[in-house]
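Only one structure is covered here, and it is reproduced in the block below.
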Amino acid sequence: MTANAPQANAAHTAHPAGANIDTRELEQFSALADKWWDTTGPFRMLHRIGPPRLRYIREAAIRHFALEASARRPLLGLDCLDVGCGGGLVAEPLTRLGGNVTAIDPARKNVEAARLHADAAGLEIDYRASMAEDLVEETLTFDLVTCLEVIEHVPDQRAFVRTLSALVRPGGLLVLSTISRTPKSYALAIVGAEYILGWLPRGTHDWTRFVTPPELQTLCSNAGFADFSARGLVYSLFRDSWQLSDDVDVNYMAAAARPAGAKS
2 MTANAPQANA
12 AHTAHPAGAN
22 IDTRELEQFS
32 ALADKWWDTT
42 GPFRMLHRIG
52 PPRLRYIREA
62 AIRHFALEAS
72 ARRPLLGLDC
82 LDVGCGGGLV
92 AEPLTRLGGN
102 VTAIDPARKN
112 VEAARLHADA
122 AGLEIDYRAS
132 MAEDLVEETL
142 TFDLVTCLEV
152 IEHVPDQRAF
162 VRTLSALVRP
172 GGLLVLSTIS
182 RTPKSYALAI
192 VGAEYILGWL
202 PRGTHDWTRF
212 VTPPELQTLC
222 SNAGFADFSA
232 RGLVYSLFRD
242 SWQLSDDVDV
252 NYMAAAARPA
262 GAKS
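Put into C-alpha cells, the structure is as follows:
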C-alpha cells in the first residue's frame, strides 16, 4: 500500500535524501501498522478488494508463463516480489499460490507487522524494510513483480516504473493496481471513500497523482515493457463486494511484460 533502507527510528526506516518517496504518506501508513489484518479497520476495503485482485494476478501469471490453470499452487517455482507490501495482504496469498516471495516496504513497522503475521501462519516470506531502488542496487531480479496501490503515492512515477522494470527479469511480468485520474475517481475514491463513508483515513490519496490507463501504459512502454493490458475493479455497495470489470474509470489492475530479449 505504501511505496518503497537501512536504520529506523520508532516510526519508520530512514531514507536517503532525494529518495522517491512521500515521507508524509509513509508516516501515515506507519501509524496504522498494527491495523493491517483488522478486517473491520482502516484497511477493510483492501481485504474486500483482495479476492478479485488476486484473481487478476493469478490469471495474468498463468497466461503469461503458460502455467497449469487447475494447479493448486500455479506459481510454484516463480520468484515473486511484492513492492509496497504493507502488512502482507498480497505477499501471503502469493506464497500460498506457490511463489517464492520477497516483499518490501519502506516502513519498518509495516514489515514487522507483516513478518509477525506470516510467522503465525507458518509462511516463509522474505520481508525487508527496503525501497525498490535498494534491490536494484543488489542486482536482484524476479519473474513476477506486483506493485498494488503504490504508484499513486510516489512523487516521480516515471523513475519508479523504470525501477520496477530493472527488477523484472527478461521474460517476466509486472502487475500493478492503481486509481485513474477522472472526475468519477475524485467523487468516489476521495470524497466518497475518505470523507463521506470513512473507508480510508482522510488524506490517504492525492488525486493529482492518480494515473489513467493510457498514462500508465506510456510509463510502462517507456520503461521497456510490452503487451500492456488493464481491467477495472468495481465496487457494489449492495453486495459489499468488488469484481473485475471493463470499467477502468476508478480502480483498475494492469499487467505488462518485459520482453524475453530485454537486457538485464
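So the sequence shown is residues 2 to 265, counted in the numbering used here. Cβ atoms here follow ideal geometry from the backbone N, Cα and C, with glycine treated the same way.
Please state whether DSSP places residue i in a helix, a strand or coil.
i: Trp208; result: helix
i: Ser222; result: helix
i: Asp35; result: helix
i: Asn266; result: What the structure shows of the chain is the stretch from 2 to 265, and residue 266 is not part of that stretch, so it cannot be assessed.
i: Ser237; result: strand
i: Val146; result: strand
i: Asn21; result: coil
i: Met2; result: Its pLDDT being 34, under 50, Met2 is placed unreliably in this model, and the coordinates cannot settle the point.
i: Phe44; result: coil
i: Thr183; result: coil
i: Pro260; result: coil
i: Arg232; result: strand
i: Leu255; result: A small correction: the amino acid at residue 255 is Ala; Leu does not occupy that position in the sequence shown. In the structure shown, Ala255 sits in a strand (DSSP, three-state: E or B).
i: Leu136; result: helix
i: Asp77; result: As written in the sequence, residue 77 is Leu, which differs from the Asp given in the question. The answer is coil: DSSP assigns Leu77 none of H, G, I, E or B.
i: Thr213; result: coil
i: Gly173; result: strand
i: Ala67; result: coil
i: Ile197; result: Unreliable positioning characterises Ile197 in this predicted model, as indicated by a pLDDT of 46, which lies under 50. A coordinate reading is not provided.
i: Ala72; result: coil
Compute the distance between the beta-carbons of residue i and residue j, then report whether it is under 8 Å.
i: Asp144; j: Gly173; result: yes
i: Lys110; j: Ala34; result: yes
i: Val112; j: Asp120; result: no
i: Val176; j: Ala256; result: yes
i: Trp38; j: Gly87; result: no
i: Phe211; j: Glu153; result: yes
i: Gly89; j: Ala62; result: no
Tell me the residue span of the alpha helix (DSSP H) that contains residue i.
i: Ser166; result: 158-168
i: Asp250; result: Per DSSP, Asp250 belongs to no alpha helix (DSSP H) and is neither H nor E.
i: Glu113; result: 109-122
Let me check understanding here. Comparing Cα to Cα, which of the options lies closest to residue i?
i: Tyr128; options: Val155, Cys81, Arg74; result: Cys81
i: Ala1; options: Gln244, Ala227, Asn252; result: Examination of residue 1 is not possible in this model, given that the chain is present from 2 through 265 alone.
i: Pro94; options: Ala122, Asp106, Ala67; result: Ala122
i: Arg259; options: Leu68, Val169, Ile180; result: Val169
i: Val249; options: Cys221, Thr213, Asp241, Ser222; result: Thr213
i: Cys101; options: Leu117, Cys86, Leu79; result: The sequence given here places Asn at residue 101; Cys does not occur at that position. Residue Leu79 is the option with its Cα nearest to Asn101.
i: His65; options: Thr142, Glu113, Ala115, Phe229; result: Phe229
i: Met132; options: Phe44, Ala104, Asp247, Arg240; result: Ala104
i: Val84; options: Ala108, Ile63, Ala67; result: Ala108
i: Arg159; options: Ile58, Thr183, Asp39, Glu216; result: Glu216
i: Arg163; options: Ser178, Leu245, Cys221; result: Cys221
i: Phe226; options: Tyr57, Leu165, Ala62; result: Leu165
i: Pro171; options: Gln244, Thr142, Arg240; result: Thr142
i: Leu76; options: Pro43, Arg97, Glu150; result: Arg97
i: Arg45; options: Ser246, Ser242, Asp247; result: Ser242
From which residue to which residue does the beta strand (DSSP E) around residue i run?
i: Leu82; result: 80-84
i: Arg129; result: 127-130
* Is the segment 227-236 in contact with the segment 42-60, if contact means three or more CB pairs nearer than 8 Å? -> yes
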